[in-house]
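A short worksheet on the structure shown next.
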Amino acid sequence: MTKLFAQHGAAKGKKIDNAFDNDRIEGVILSPREECIDTMISYINNNKLLNKDNCLYDPQFYYSTYNNTSLLKKLEELEHYPQKVERKDWRKKSERLLTYFDSHVKQSEMFSDAIIVPGFHIEKLDWKFDYSLDIYSYFYENYENKNQYLSLLISFSLFHSNSDVDEMIEEIVDNIQPEERNGIYLTVCYESTSNNNYEEVDPENLANVLYFVHSLKKEGFRIIVGYTFINSLLFTMLDCDIVSSGWFNTLRKFNKGRFEESDTFGRRKKRYTSIPLLTNITFDIINNFDEDLLIKCLSGTSFDQAVVDDLESLSFVDLEQQYWEAINNCVKDINKSNQKIQYTIKLIENAKKLYSDILIRNASSVELCYRIKKASSHLDVWITAIVLFKRRASIV
């Protein structure tokens, strides 16, 4: 059974509280990069719904290898967080790393019953991958709490090669014995792109991501996938334990821009999360729908009546909550299915049919049809990826 967690980030406000109060999320993955640890402790202690069972603490250790310390944000304030980590630091078991690991365990146990083990940003199969596995083994051997998750931040480009994916799976299985296989916290790092459809990616790579997750689940690992968007439904299809998503696009899709000089934010557009369309669709497209078509696109959330009555009355805060509610409802629907893959394929096929109807009704507007086709382009990607994944995994 998959659970939807909030991916914690900047400008938290009451977002997480409101989502919990209305059963839109079931937990949170905390970010020490975005909020200082004392503030997070106070926040958890004063929230009746948050506890060590539904909180995870992400060390975000992958920032430690970058020379630009401005990337660290609040991490720089953490006791013992290492900076400018190099290969030799772990090879020689440097004191600063071992001290940080002790500190991280103590910090984690303030928030959670589980420990996300620090891991590196893996762009190719080199020492960062090997040492991430090695550090996991070190944690298992040296710390009493065995409820540990191997942290893997893997570049999406690495999933283009079947042989690289097979090698990663083989190395993980060979290096982590069955009795040590608790879980994996996977985040995919995508290339920065100007494409406004955040779900449109290479289908072969996506198929291999699905195969990677599926294979490791079969080997006994619990899987958490962080920084997901509507593609969280694809990981729900694979029965992952947790999918996590935030309120900004940067908390829904991790890309390489996070390792550049500064975070950049474009002008936000209001978007409604339509499960029938499997799209986070902009208001300027929705405004062209007649009421009959609009109703077909609704997700069954508590905000839908406002969408029908006065779309523009919805604030960004409302839409952040509507996003979580729509995704969480669909996650629960997939959870109920005994044929999760087929159920998800049917969702995609129905979305494609609904988009076809929208295009027919708006055929006179060439520019609008172009934007509609762009907004729906990921659906073909998903279908192709699922077909390739099923073939590779020998799923009938």
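Going by the numbering used here, the letters in the sequence shown line up with residues 19 to 414, in that order. Built from N, CA and C at the ideal position, the CB exists for glycine as well. Computed from a prediction, not measured in an experiment: that's the story for all the values here.
Cut-off 7 Å between Cβ atoms - residues of its own chain near D182, not counting five sequence neighbours on either side: Mapped onto the sequence shown, residue 182 falls at position 164. L143, L176, listed in sequence order.
Nearest candidate by alpha-carbon position, reference P294, set S169, T362, Y154: For this step, residue 294 is matched to residue 276 along the sequence shown. P294 has its Cα closest to that of T362, out of S169, T362, Y154.
Proximity of D257 and K235 at Cβ, strictly below 8 Å: In the sequence shown, the residue the question calls residue 257 occupies position 239. In the sequence shown, the residue the question calls residue 235 occupies position 217. In contact: D257 and K235 (Cβ atoms closer than 8 Å).
Straight-line Cα distance separating N193 from Y154: For this step, residue 154 is matched to residue 136 along the sequence shown. For this step, residue 193 is matched to residue 175 along the sequence shown. Taking the straight line joining both Cα atoms gives about 10 Å.
Whole alpha helix (DSSP H) elements within the stretch 283 to 312, 4-residue minimum: 301 to 304
Cross-strand partners of A24 (DSSP beta bridge): Counting from one through the sequence shown, the residue named residue 24 turns up at place 6. Answer is V46, S263.
DSSP state of I59 mapped onto helix, strand, coil: Counted from its first residue, the sequence shown places residue 59 at position 41. Reduced to three states, the DSSP call for I59 is helix.
Short Cβ contact (8 Å threshold) for V399 with P221: Within the sequence shown, residue 399 is the residue found at index 381, counting from 1. Within the sequence shown, residue 221 is the residue found at index 203, counting from 1. Yes, these two residues count as a Cβ contact at 8 Å.
Rounded C-alpha distance that separates E197 from T205: Translated into positions along the sequence shown, residue 197 becomes position 179. Translated into positions along the sequence shown, residue 205 becomes position 187. Straight-line Cα distance between these residues: approximately 24 Å.
CB of L171 within 8 Å of CB of Y80, strictly: On the sequence shown, position 153 is the one that residue 171 refers to. On the sequence shown, position 62 is the one that residue 80 refers to. Against a cut-off of 8 Å, the Cβ pair of Y80 and L171 comes out as a contact.
Reduced DSSP category for V335 - H, G, I as helix; E, B as strand; rest coil: Along the sequence shown, one-based indexing puts residue 335 at 317. Reduced to three states, the DSSP call for V335 is helix.
Beta-carbon proximity check, S169 vs Y118, cutoff 8 Å: The residue you call residue 169 lines up with position 151 of the sequence shown. The residue you call residue 118 lines up with position 100 of the sequence shown. Result no, Cβ atoms of S169 and Y118 do not sit closer than 8 Å.
Proximity of N273 and Y341 at Cβ, strictly below 8 Å: Locating residue 273 in the sequence shown gives position 255, where the first residue counts as 1. Locating residue 341 in the sequence shown gives position 323, where the first residue counts as 1. Contact annotation: N273 and Y341 have beta-carbon atoms that are not nearer than 8 Å.
Integer-rounded CB distance, given that A393 should sit under 8 Å from I303: The residue given as residue 303 occupies position 285 in the sequence shown. The residue given as residue 393 occupies position 375 in the sequence shown. About 7 Å; that satisfies the 8 Å criterion.
Continuous alpha helix (DSSP H) stretch holding Q323: start and end: The residue labelled residue 323 in the question sits at position 305 within the sequence shown. Run containing Q323: 322 to 328, per the alpha helix (DSSP H) assignment.
First through last residue of the beta strand (DSSP E) which encompasses L90: Here residue 90 refers to the residue found at position 72 of the sequence shown. Counting along the chain, L90 falls outside any beta strand (DSSP E), and DSSP gives it neither H nor E.
Span of the alpha helix (DSSP H), counted from its first residue to its last, around F115: The residue you call residue 115 lines up with position 97 of the sequence shown. It is Leu, not Phe, that sits at residue 115 in the sequence shown. Looking at the DSSP string, the run of the alpha helix (DSSP H) that includes L115 is 113 to 129.
Span separating the alpha-carbon of S382 from that of N306: Within the sequence shown, residue 382 is the residue found at index 364, counting from 1. Within the sequence shown, residue 306 is the residue found at index 288, counting from 1. Their backbone Cα atoms lie some 12 Å apart in a straight line.
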